[in-house]
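Written below as structure tokens is the structure these notes are about.
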Amino acid sequence: MIDIDRIRADTPATSRLAYLHNAGAALMPAPVVKAMKQHIDLESEIGGYAAADRESDRLGAVYGSVARLLNAAPDEIALVENATVAWQMAFYALQFRQGDRILTAEAEYAANYVAFLQVAKRTGAVIDVVPSDASGELDIGALERMIDERVKLIAITWVPTNGGLVNPAAAIGRIARARGIPYLLDACQAVGQMAVDVEAIGCDMLSATGRKFLRGPRGTGFLYVRRALLQRLEPPMIDHFAAPWVSRDQYRLRDDARRFETWENNYAARLGLGAAVDYALDIGMGPIEQRCRLLADRLRGGLASIRGVTIRDLGRRPGAIVSFTVDGHEAGAIVKSAAAAGIIIGASDPASTRIDAEVRALPPLMRASPHYYNTEAEIDRLIGHLAGLAPR
């Protein structure tokens, strides 16, 4: 069981807000804020270098915490500024040539897709979008039929930014592993709301952020790279931390995933990330996932009863992002009216997931993303607020 009272006491803003915007940036718990403040204070007292030296054990332990979260090894983890940097460091380390194929999903995130376009423009590689099945998930059968010797990467977003869809990441991993194709998984919206096991998923690379469901600080992210692939990848950019300068004409890449890092980092934020991971692990990812789904299902059930509200989520078992529209109301106006009522939600623009938005003719969507620290009463507040706006 989750001790909701203790967790909400660690999250003071819950006393005045129904905060349902965790897919954007979640509320940090008190231990995360404390870890960051203490390190900033230490830096102010003895300087940044000395503070990092003094806290070297705790900073090093962050790799172990992230590794436990993912069921990985610490040397397979790189800590970076955000999920986009993590994803880009992995993607741009791969080599593509004319005619090579990249397979992705209809709900792929804009930041990833524009990178595909850039590499296609530079190299002549081809982007092929795997169609969705009747539920809206990536069609596993179609994926298998699309694979040939020219496929050099399968890259998908596990939980897209515009709704509760959960793509079949592990089924994709089994196909990629059987065919020897590198598999890059964007887990930005998944990590922190559900259990993530890279061994069970079978991905070779995984990127994620700290600020969303993990409840860490902004400006933090991490990259997982399977050890078997790691030694074959040279990062697109390096410095003397990633690749020590060993002689006048030679550098040597690090043996671990820290070859994807650079020398200078925000150590206070890193300690905050480590505290956030430890906080989640202490609660347990199983109970967290169960409660997130319970609250999201309650919200969907309430929205379904309101005339003029259309739930836009896809998938057989959607996660803790609830997307919807309200007839006669723009998404931005709803977000503002909810905020005025002390309810924080977000919105998703069609340009963030352009292919999916075009296929389904989606307008800007409202996006509510409950987390384990929310209460049923807060879910009902949003339902009641929207019921008051809907046409009668």
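Heads up: the sequence shown begins at 3 in this note's numbering, then just goes up one per residue. Backbone N, C-alpha and C define an ideal beta-carbon position, used for all residues, glycine too. No experiment lies behind these values; they were computed from the predicted model shown.
**OP:** Within its chain, find whatever has a CB closer than 6 angstroms to the CB of residue 241; leave out the 5 residues flanking it on each side and keep chain order.
**Re:** Its chain contains 264 and 265 as the residues whose beta carbon lies nearer than 6 angstroms to that of residue 241, once the 5 sequence neighbours on both sides are disregarded; these appear in chain order.
**OP:** May I have a chain-ordered list of the alpha helix (DSSP H) segments no shorter than 4 residues that lie completely inside the segment 54–122?
**Re:** DSSP runs (the alpha helix (DSSP H)) wholly in the segment 54–122: 58–72 and 85–93.
Original post:
Should residue 29 and residue 272 be called a contact, given that it needs their Cβ atoms to be closer than 8 angstroms?
Top reply: No, they are not a contact pair.
Original post:
Does the separation of the CB atoms of residue 75 and residue 276 fall below 8 angstroms?
Top reply: Contact flag unset, no.
Subject >> Proximity below 8 angstroms, CB of residue 287 to CB of residue 202 >> reply: Result no, Cβ atoms of residue 287 and residue 202 do not sit closer than 8 angstroms.
Subject >> Residues sharing a beta bridge with residue 8, DSSP >> reply: For residue 8, no pairing in a beta bridge is given by DSSP.
Subject >> Given residue 13 as reference, the closest of 129, 233, 375 and 159 once Cα atoms are compared >> reply: When 129, 233, 375 and 159 are compared, the shortest CA-CA separation from residue 13 is found for 375.
**OP:** Under 7 angstroms Cβ to Cβ from residue 343, same chain only, skipping five residues before and after it: list those, please.
**Re:** Taken in chain order, the residues that qualify are 387.
Subject >> Counted within 10 angstroms of its Cβ, other Cβ atoms place residue 119 as buried (16 or more) or exposed >> reply: That one is exposed.
**OP:** Just the C-alpha distance for residue 95 and residue 3, rounded to the nearest angstrom, thanks.
**Re:** If I take the Cα positions, the gap works out to 42 angstroms.
**OP:** Figure out for me which residue from 27, 7 and 219 has the closest Cα to the Cα of residue 39.
**Re:** For the residues 27, 7 and 219, the minimum Cα distance to residue 39 belongs to 219.
Original post:
For the segment 114–166, which segments carrying the beta strand (DSSP E) assignment without a break, of at least 3 residues, lie completely within its bounds, in sequence order?
Top reply: Runs of the beta strand (DSSP E) lying entirely within the segment 114–166 and spanning at least 3 residues, in chain order: 128–132 and 153–159.
Original post:
Helix, strand or coil: which one does DSSP assign to residue 215?
Top reply: Here DSSP, grouped into helix, strand and coil, assigns residue 215 to coil.
**OP:** Quick one: which unbroken alpha helix (DSSP H) runs of 4-plus residues sit fully inside the segment 204–273? Chain order, please.
**Re:** Unbroken alpha helix (DSSP H) runs of no fewer than 4 residues, entirely contained in the segment 204–273, are found at 229–232, following chain order.
Original post:
By Cβ distance below 8 angstroms, which residues in the same chain neighbour residue 125 in space, the five residues on each side in sequence not counted?
Top reply: 98, 99, 100 and 102, listed in sequence order.
**OP:** Report the three-state DSSP secondary structure of residue 373 (helix, strand or coil).
**Re:** Coil.
Original post:
Do the CB positions of residue 81 and residue 346 come within less than 8 angstroms of each other?
Top reply: In this structure, residue 81 keeps its C-beta atom at 8 angstroms or more from the C-beta atom of residue 346.
Original post:
From this set, 176, 190 and 306, which residue's C-alpha is nearest residue 184's C-alpha?
Top reply: Measuring from the Cα of residue 184, the nearest candidate turns out to be 176.
Subject >> Per-residue DSSP class, three states only, for residue 13 >> reply: Residue state, collapsed to three classes: coil.
Original post:
Grouping DSSP H, G and I as helix and E and B as strand, with all else coil, what is residue 188?
Top reply: Strand.
Original post:
Comparing alpha-carbon positions, which option in 166, 215, 134 and 285 lies nearest residue 174?
Top reply: In this structure, 134 is the residue among 166, 215, 134 and 285 with its C-alpha nearest to the C-alpha of residue 174.
Original post:
Is the number of C-beta pairs between the segment 155–165 and the segment 317–325 that are closer than 8 angstroms three or more?
Top reply: Yes, they touch.
Subject >> Residue burial classification, residue 372 (beta-carbon count within 10 angstroms, cutoff 16) >> reply: Result: buried.
Original post:
Under the rule that 16 or more other beta-carbon atoms within 10 Å means buried, what is residue 213, buried or exposed?
Top reply: It is buried - the Cβ of residue 213 has at least 16 other Cβ atoms within 10 Å.
**OP:** Evaluate contact between the segment 105–122 and the segment 138–157, counting only Cβ atoms and requiring at least three cross-stretch pairs below 8 angstroms.
**Re:** Taking 8 angstroms as the limit for Cβ pairs, the verdict is that the segment 138–157 does touch the segment 105–122.
Subject >> Distance, residue 210 Cα to residue 224 Cα >> reply: As the crow flies, the alpha-carbon of residue 224 is around 6 angstroms from that of residue 210.
Original post:
Is it true that the CB of residue 79 sits closer than 8 angstroms to the CB of residue 157?
Top reply: In this structure, residue 79 does not lie closer than 8 angstroms to residue 157 by Cβ.
Subject >> residue 72 vs residue 283 beta-carbon contact at 8 angstroms >> reply: When the beta-carbon positions are compared, residue 72 and residue 283 stay at least 8 angstroms from each other.
Original post:
Alpha carbon to alpha carbon, how far is residue 335 from residue 67?
Top reply: Those two C-alpha atoms are separated by around 40 angstroms.
Original post:
Do residue 391 and residue 165 have their C-beta atoms within less than 8 angstroms of each other?
Top reply: Against a cut-off of 8 angstroms, the Cβ pair of residue 165 and residue 391 comes out as no contact.
Original post:
DSSP state of residue 46, grouped into three classes?
Top reply: When secondary structure is reduced to three states using DSSP, residue 46 falls in the helix class.
Subject >> Residues near residue 121 by beta carbon distance below 6 angstroms, same chain, minus five either side >> reply: If you ignore the 5 residues before and after residue 121, its C-beta comes within less than 6 angstroms of the C-beta of 98 and 127, all in its own chain and listed in chain order.
**OP:** Give the secondary structure of residue 348 by DSSP, where H, G and I count as helix, E and B as strand, and everything else as coil.
**Re:** Look at residue 348 here: in three-state DSSP terms it is strand.
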